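There are 2 protein chains.
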Amino acid sequence: MPVSLKDVASVAGVSIKTVSNVVHDYPFVRPTTRARVQKALDDLGYRPNFSARRLRNGRSGMIALSLPEFTPYFSELADLVVVAAEERGLTVLIDRSGGERSHERRVAGGIRSNLVDGTIASPLAMTAEDVEILRDSHPIVLLGERLSHVGVDHVAIDSVAAARAATEHLLDLGRNRVAALGTARRPAGTVALRQRGYEHALRARRIRPDRSLYADVDLFHRPDGYAAVHRLLAARPDVDALFCFNDLLAFGALRALRECGRRVPDDVAVVGFDDVEECAYSIPPLTSLAPDKAAVAEAAVGLLVQRMSAELPIEPREVFPPYRLMPRESTIGS
Amino acid sequence: MPVSLKDVASVAGVSIKTVSNVVHDYPFVRPTTRARVQKALDDLGYRPNFSARRLRNGRSGMIALSLPEFTPYFSELADLVVVAAEERGLTVLIDRSGGERSHERRVAGGIRSNLVDGTIASPLAMTAEDVEILRDSHPIVLLGERLSHVGVDHVAIDSVAAARAATEHLLDLGRNRVAALGTARRPAGTVALRQRGYEHALRARRIRPDRSLYADVDLFHRPDGYAAVHRLLAARPDVDALFCFNDLLAFGALRALRECGRRVPDDVAVVGFDDVEECAYSIPPLTSLAPDKAAVAEAAVGLLVQRMSAELPIEPREVFPPYRLMPRESTIGS
DNA sequence: GTGAAAGCGCTAACAC
DNA sequence: GTGTTAGCGCTTTCAC
Numbered sequence: 212m213p214v215s216l217k218d219v220a221s222v223a224g225v226s227i228k229t230v231s232n233v234v235h236d237y238p239f240v241r242p243t244t245r246a247r248v249q250k251a252l253d254d255l256g257y258r259p260n261f262s263a264r265r266l267r268n269g270r271s272g273m274i275a276l277s278l279p280e281f282t283p284y285f286s287e288l289a290d291l292v293v294v295a296a297e298e299r300g301l302t303v304l305i306d307r308s309g310g311e312r313s314h315e316r317r318v319a320g321g322i323r324s325n326l327v328d329g330t331i332a333s334p335l336a337m338t339a340e341d342v343e344i345l346r347d348s349h350p351i352v353l354l355g356e357r358l359s360h361v362g363v364d365h366v367a368i369d370s371v372a373a374a375r376a377a378t379e380h381l382l383d384l385g386r387n388r389v390a391a392l393g394t395a396r397r398p399a400g401t402v403a404l405r406q407r408g409y410e411h412a413l414r415a416r417r418i419r420p421d422r423s424l425y426a427d428v429d430l431f432h433r434p435d436g437y438a439a440v441h442r443l444l445a446a447r448p449d450v451d452a453l454f455c456f457n458d459l460l461a462f463g464a465l466r467a468l469r470e471c472g473r474r475v476p477d478d479v480a481v482v483g484f485d486d487v488e489e490c491a492y493s494i495p496p497l498t499s500l501a502p503d504k505a506a507v508a509e510a511a512v513g514l515l516v517q518r519m520s521a522e523l524p525i526e527p528r529e530v531f532p533p534y535r536l537m538p539r540e541s542t543i544g545s
Numbered sequence: 212m213p214v215s216l217k218d219v220a221s222v223a224g225v226s227i228k229t230v231s232n233v234v235h236d237y238p239f240v241r242p243t244t245r246a247r248v249q250k251a252l253d254d255l256g257y258r259p260n261f262s263a264r265r266l267r268n269g270r271s272g273m274i275a276l277s278l279p280e281f282t283p284y285f286s287e288l289a290d291l292v293v294v295a296a297e298e299r300g301l302t303v304l305i306d307r308s309g310g311e312r313s314h315e316r317r318v319a320g321g322i323r324s325n326l327v328d329g330t331i332a333s334p335l336a337m338t339a340e341d342v343e344i345l346r347d348s349h350p351i352v353l354l355g356e357r358l359s360h361v362g363v364d365h366v367a368i369d370s371v372a373a374a375r376a377a378t379e380h381l382l383d384l385g386r387n388r389v390a391a392l393g394t395a396r397r398p399a400g401t402v403a404l405r406q407r408g409y410e411h412a413l414r415a416r417r418i419r420p421d422r423s424l425y426a427d428v429d430l431f432h433r434p435d436g437y438a439a440v441h442r443l444l445a446a447r448p449d450v451d452a453l454f455c456f457n458d459l460l461a462f463g464a465l466r467a468l469r470e471c472g473r474r475v476p477d478d479v480a481v482v483g484f485d486d487v488e489e490c491a492y493s494i495p496p497l498t499s500l501a502p503d504k505a506a507v508a509e510a511a512v513g514l515l516v517q518r519m520s521a522e523l524p525i526e527p528r529e530v531f532p533p534y535r536l537m538p539r540e541s542t543i544g545s
């Protein structure tokens with residue numbers, strides 16, 4: 212049975228305002244009154260009604276974090292976003308969009324816009340137009356590079372440079388048949404950028420990108436990496452290195468390589484992307500391109516908070532958090 | 212700029228009620244009126260204010276899912292809970308408690324109680340008393356066995372029987388120095404139950420549980436399994452099997468075993484618990500006790516929905532979803 | 001078919 | 001120091 216301020220007020224024999232004052236630690240309340248009200252509060256088990264509060268003052272103190280799914284990378288990121296938000300007194304409402312455009316749209320600016328004060332979204336399927344519509348009505352910060360230049364705040368590492376660094380690490384090892392795992396028939400967003408970085412690295416060494424070394428996938432999960440590497444090895448048994456566009460693909464790849472009798476890194480060196488915790492425990496441990504996830508989370512929350520509390524419109528900003536390569540045994544042996 | 216029903220009404224030249232009727236697809240609205248209102252709705256970009264709606268009709272259509280952290284098991288479970296809830300038209304607000312008691316209490320029945328219609332919580336630190344206080348004021352369903360018999364709905368596989376089955380699998384393989392990885396100085400909750408299942412299995416084969424085969428941990432993460440197995444091997448180099456209380460511990464264990472030159476499963480067979488996706492991709496793939504996670508999620512949401520919509524108080528119920536052992540190469544070779 | 005108005009619980013401006 | 005009151009946006013009788 213919900214208890215309202217009014218209930219407490221009548222029990223304590225004071226007005227609703229006095230109860231409100233006590234609840235909000237308003238200093239100018241006579242100590243005896245305060246004690247009496249506090250007792251009534253405790254006895255009745257009063258708890259503020261957030262909907263009413265939000266309706267009244269227009270803020271909920273909550274932000275939404277919309278993620279396609281709870282894979283390791285997004286889980287680790289969510290953890291950090293929650294922490295960063297808590298430091299600012301904000302509660303995070305986490306939403307799993309399933310990568311569906313309709314859901315992403317709804318979440319980002321629609322249904323929730325009157326529930327949360329702002330949204331951090333990692334869109335998979337949302338289009339630039341979707342975002343355009345939303346951004347004026349609701350503070351929003353985008354994670355990942357898919358919709359760059361769309362006029363909203365943006366947080367993502369420089370994917371091209373990072374992919375290039377990962378590929379160069381393999382080339383520096385003397386490998387010259389480096390495959391790219393995670394490409395797509397019609398590359399877009401993140402995939403396109405990582406592919407570009409890979410190609411830049413090759414070209415800088417005067418190596419011609421070779422279509423037969425591109426392993427396409429539908430999703431970025433372990434089974435996709437597994438299946439793609441089996442196909443790749445059938446077509447190009449001479450491959451000597453693998454740049455995987457994320458770690459899950461790499462884990463699937465490690466398994467496929469092992470099944471095909473390839474030693475890692477002796478026969479094939481493997482680099483992943485994201486540096487999820489699992490990298491340190493795979494066999495062999497996976498060298499991975501590590502985005503500074505804490506910096507990503509911090510930047511996203513920071514930008515969003517600024518935007519939420521801004522009086523005037525803010526120019527869209529772009530933040531590129533740092534990254535670094537974490538070398539492990541999948542490339543440098545043990 | 213938020214648009215209210217009133218705004219739409221004045222633009223469409225009708226009353227607020229008519230707009231509401233259109234928004235709610237109330238059938239008895241003259242088509243011409245409906246069209247005019249719909250146009251105003253679209254032009255102004257009306258979106259309902261959820262706080263107001265909730266304030267008015269007492270329900271938010273949201274449930275909270277409170278998890279200690281976003282580890283693989285909880286992430287997979289969260290995915291399934293979101294899906295199960297969506298099927299019932301509910302939105303899930305996911306909360307990361309960090310395993311802190313104060314946070315768990317707040318979430319479970321406190322701060323959020325007026326924001327969500329019910330809560331599914333997987334408590335790590337919450338005590339029985341905490342739950343007692345909350346359960347009458349707020350629909351709640353608990354995941355995991357830690358607080359059994361506390362008078363609230365409960366969903367958890369039979370941990371004792373499941374742990375026993377996992378241990379028996381190792382014994383059936385002819386191993387007789389089976390260590391338990393994941394025990395604690397002061398076993399409680401899940402740990403106590405899994406330990407008991409392990410001991411039951413041993414005793415049924417007339418094997419005396421041996422303290423030196425208990426590998427204690429602080430947390431259930433990969434590094435804890437890794438460190439504990441290094442200690443275990445130092446003390447008991449003759450161990451020939453490992454029952455790990457969760458998969459992450461097992462992944463840490465696999466790595467430690469490999470570093471110590473133990474072959475899996477030839478020298479040491481390893482069983483995990485939870486059957487997270489990673490099991491199929493570890494090297495070797497990990498045999499694991501697989502709770503039916505979809506059934507857990509389904510049961511949790513189902514119980515909660517019943518409770519939320521109940522007129523009369525419901526007796527606390529306990530649901531034990533099925534589980535099964537998923538044999539893989541970490542015990543049965545390849 | 002549509003309109004007017006009360007009231008959900010809260011906050012804040014304004015009285016006293 | 002404390003009380004009164006308007007009104008946030010919505011739903012829902014109850015009139016018309």
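If you read the sequences in order, they're chains F and A. Counting in the numbering used here, the first sequence runs from 212 upward without gaps. Counting in the numbering used here, the second sequence runs from 212 upward without gaps. Positions of the beta carbon are idealized from the N, C-alpha and C atoms, including for glycine. All figures in this text were calculated on a predicted structure; none of them were measured in a lab.
(message) Following a CB-centred definition, is Gly300(A) positioned closer than 6 angstroms to any heavy atom of the ligand NAP?
(response) Of the ligands one can find in the structure shown there are none, so the ligand NAP has no counterpart to examine.
(message) Does the CB of Arg307(F) have a neighbour CB from chain A at under 7 angstroms?
(response) Walking along the first sequence from the start, residue 307(F) turns up at place 96. Answer yes: the Cβ-Cβ gap between Arg307(F) and chain A drops below 7 angstroms somewhere.
(request) Could you tell me which chain A residues have their CB closer than 7 angstroms to the CB of Ala289(F), listed as they occur along the chain? (result) As a working note, residue 289(F) is residue 78 in the first sequence. What Ala289(F) touches in chain A: Phe281.
(request) Would you mind telling me which residues of chain A sit closer than 9 angstroms to Phe462(F), beta carbon to beta carbon, in chain order? (result) As a first step, residue 462(F) is located in the first sequence; it is residue number 251 there, counting from the start. At a beta-carbon threshold of 9 angstroms, the residues of chain A lying near Phe462(F) are Glu489, Tyr492 and Ser493, ordered along the chain.
(message) So, does the region 447-466 of chain A touch the region 240-253 of chain A, judging by three or more C-beta pairs under 8 angstroms?
(response) no
(request) Using the Cα positions of Ser221(A) and Asn260(A), report the straight-line distance between them to the nearest angstrom. (result) As a working note, residue 221(A) is residue 10 in the second sequence. As a working note, residue 260(A) is residue 49 in the second sequence. Each residue's alpha carbon lies about 18 angstroms from the other.
(request) Please confirm whether Ile305(A) and Thr330(A) have their CB atoms less than 7 angstroms apart. (result) As a first step, residue 305(A) is located in the second sequence; it is residue number 94 there, counting from the start. As a first step, residue 330(A) is located in the second sequence; it is residue number 119 there, counting from the start. Contact: no.
(message) Which runs of the beta strand (DSSP E) at least 3 residues long sit entirely within the region 356-400 of chain F? Give them in chain order.
(response) 364-366 and 389-394
(message) Output needed for Ala446(F): all residues of its chain with C-beta closer than 7 angstroms, excluding positions within five of it in sequence on either side, in chain order.
(response) Residue 446(F) sits at position 235 when you count from the first residue of the first sequence. Only Ser423 meet the Cβ criterion.
(message) What would DSSP say about Thr302(A), mapped onto helix, strand or coil?
(response) The residue labelled residue 302(A) in the question sits at position 91 within the second sequence. Thr302(A): strand per DSSP, three-state reduction.
(request) Quick one: using the 10 Å Cβ neighbour count with 16 as the cut-off for buried, is Asn387(A) buried or exposed? (result) Against the second sequence, residue 387(A) aligns to sequence position 176. Asn387(A) is exposed by the Cβ-count criterion.
(request) Note down, in chain order, every chain F residue with its Cβ under 7 angstroms from the Cβ of Ala263(A). (result) Numbered from its first residue, the second sequence carries residue 263(A) at position 52. Listed by position along chain F, the residues whose Cβ is nearer than 7 angstroms to that of Ala263(A) are Leu266.
(message) In the DSSP output, what is Arg535(A) paired with across the bridge?
(response) What you label residue 535(A) is simply residue 324 of the second sequence in a count that begins at 1. DSSP lists Ala501(A) as partners of Arg535(A).
(message) Contact criterion: CB-CB distance below 7 angstroms. Does Ser277(A) meet it with respect to chain F?
(response) The residue you call residue 277(A) lines up with position 66 of the second sequence. No, Ser277(A) does not count as interfacial toward chain F.
(message) Quick check on Glu470(F): does DSSP put it in helix, strand or coil?
(response) Working through the first sequence from its first residue, we reach residue 470(F) at position 259. Helix.
(request) Could you check which residue in Lys504(A), Glu287(A), Pro398(A) and Gly483(A) has the C-alpha nearest to that of Pro495(A)? (result) On the second sequence, residue 495(A) is found 284 positions in, with the first residue counted as 1. The candidate whose alpha carbon is nearest that of Pro495(A) is Gly483(A).
(request) Please determine if the region 533-543 of chain F and the region 514-521 of chain F are in contact, where contact requires at least 3 C-beta pairs separated by less than 8 angstroms. (result) By the Cβ criterion, the region 533-543 of chain F is not in contact with the region 514-521 of chain F, since fewer than three pairs of Cβ atoms, one from each stretch, lie closer than 8 angstroms.
(message) Taking 7 angstroms as the threshold (C-beta atoms), are Ala395(A) and Asp427(A) in contact?
(response) One-based indexing of the second sequence puts residue 427(A) at position 216. One-based indexing of the second sequence puts residue 395(A) at position 184. The answer is yes: Cβ separation under 7 angstroms.
(request) Taking only runs that begin and end inside the region 225-303 of chain F, name each unbroken alpha helix (DSSP H) of 4 or more residues, in chain order. (result) 227-234, 242-255, 261-268 and 283-298
(message) Which same chain residues end up closer than 8 angstroms to Val479(F) when comparing Cβ atoms and leaving out the 5 residues on each side of it in sequence?
(response) For the purposes of this step, residue 479(F) is taken as the residue at position 268 of the first sequence. Once the five neighbours on either side are set aside, the close Cβ partners of Val479(F) are Val450, Asp451, Ala452, Leu453, Leu468 and Arg473.
(message) So Leu514(A) and Val366(A) are supposed to be a Cβ contact under 8 angstroms. How far apart are they, rounded?
(response) Walking along the second sequence from the start, residue 514(A) turns up at place 303. Walking along the second sequence from the start, residue 366(A) turns up at place 155. About 7 angstroms separates the two Cβ atoms, so the contact holds.
(message) Helix, strand or coil for Leu326(A)? Go by DSSP, reduced to three states.
(response) On the second sequence, position 115 is the one that residue 326(A) refers to. Looking at Leu326(A) - three-state DSSP - the assignment turns out to be coil, as it is neither helix nor strand.
(message) Quick check on DSSP: helix, strand or coil for Thr542(F)?
(response) Walking along the first sequence from the start, residue 542(F) turns up at place 331. Helix.
(request) Would you verify that the beta carbon of Leu301(F) is, or is not, closer than 7 angstroms to some beta carbon of chain A? (result) Looking up residue 301(F) in the first sequence gives position 90. For Leu301(F), the answer is no, since every Cβ of chain A falls outside 7 angstroms of its Cβ.
(request) Could you check the C-alpha separation between Ala373(A) and Leu384(A) for me, to the nearest Å? (result) Position 162 of the second sequence, counted from the first residue, corresponds to residue 373(A). Position 173 of the second sequence, counted from the first residue, corresponds to residue 384(A). Going by the C-alpha atoms only, they are around 17 angstroms apart.
(message) Going by the DSSP bridge assignment, what does Tyr492(F) pair with across the sheet?
(response) Here residue 492(F) corresponds to residue number 281 of the first sequence, with the count starting at 1. None, per the DSSP bridge assignment.
(request) Measure from the C-beta of Val512(A) to each C-beta in chain F and report whether the shortest distance is under 7 angstroms. (result) Looking up residue 512(A) in the second sequence gives position 301. It does not: the Cβ of Val512(A) has no partner Cβ on chain F nearer than 7 angstroms.
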